[in-house]
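Counting with my numbering, you get residues 826 to 969 for the letters of the sequence shown.
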Amino acid sequence: MTSLTEKDKARVRAFWSKIAPKSEDIGAEAICRMLTVYPQTKTYFDHWQDKTPNSPQAKKHGITVMGGVGEAVSKIDDMKGGLLSLSELHAFTLRVDPANFKIVSHCILVVMAIMFPNDFTPQVHVAMDKFLAAVALALAEKYR
């Protein structure tokens with residue numbers, strides 16, 4: 826994996842400051858998209874009464890996911906340590922296949938590009954892609 830440069834980190838922080846007020850909408854749409862495009866991901870949500878993409882549970886989970894992304898932005902210099910409790914939760918309690926972190930990351934990227942077309946420049950795209958890959962790696966830490 827390509828590491829985040831200081832320039833990448835600055836782009837992530839700057840872009841996050843623009844999108845943070847809409848992060849709940851981004852998360853809700855990203856989870857909706859994930860459940861539609863990758864229906865196999867629904868297996869992790871058997872406890873939901875309604876697993877349709879626009880369900881209240883899906884939207885709520887999107888908000889939770891983007892809260893984690895915001896936390897990762899604030900801990901961008903030590904995501905492995907900063908996201909340790911989330912890694913433990915996903916590995917030991919939720920038992921989520923870490924391949925799903927890449928799936929949701931992709932969906933988040935797509936939604937950010939749709940919602941912020943003028944701000945989602947190629948440079949921001951690269952930085953956010955590298956950042957979300959680093960988040961996925963940090964979340965997979967306890968699987969090793």
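Glycine included, each C-beta is placed from N, C-alpha and C at the ideal position.
Between the CA atoms of residue j and residue i - distance to the nearest angstrom
i, j, result
"Lys-867", "Arg-858", "12 Å"
"Ala-958", "Gln-874", "31 Å"
"Phe-917", "Ala-963", "15 Å"
"Lys-955", "Phe-870", "27 Å"
"Val-951", "Ser-912", "24 Å"
"His-931", "Met-937", "10 Å"
"Leu-909", "Lys-967", "8 Å"
"Lys-832", "Val-929", "24 Å"
"Pro-947", "Arg-838", "16 Å"
"His-872", "Ser-828", "36 Å"
"Arg-920", "Ala-883", "18 Å"
"Ala-845", "Leu-914", "24 Å"
"Pro-942", "Val-862", "21 Å"
"Lys-885", "Thr-830", "32 Å"
Rounded distance between the beta-carbons of residue j and residue i, thought under 8 Å
i, j, result
"Lys-834", "Ile-901", "5 Å"
"Glu-849", "Met-891", "6 Å"
"Leu-934", "Met-904", "Incorrect: roughly 17 Å between the Cβ atoms, too far for contact."
Identity of the residue in the options nearest residue i by Cα
i, options, result
"Glu-896", "Val-960, Val-929 and Ala-965", "Val-960"
"Lys-927", "Gln-948, Gly-907 and Ala-965", "Ala-965"
"Trp-841", "Pro-881, Met-940 and Lys-885", "Met-940"
"Ile-808", "Pro-942, Lys-847 and Phe-945", "Since the first and last residues shown for the chain are 826 and 969, residue 808 lies out of range."
"Ala-817", "Lys-885, Val-935, Gln-865 and Thr-830", "No statement about residue 817 is possible, as the shown extent of the chain runs from 826 to 969 and does not include it."
"Gly-893", "Ile-851, Asp-944, Val-949 and Pro-942", "Ile-851"
"Ser-880", "Thr-946, Arg-838, Ile-856 and Phe-945", "Ile-856"
"Asn-860", "Ser-828, Thr-877 and His-872", "The displayed chain sequence assigns Leu, not Asn, to residue 860. Checked all of Ser-828, Thr-877 and His-872; the closest Cα to Leu-860 is Thr-877."
"Arg-836", "Lys-885, Val-898, Gly-907 and Tyr-863", "Val-898"
Ranges of the alpha helix (DSSP H) found wholly within the stretch 893–954, counting only runs of at least 4: 904–907, 909–913 and 924–940
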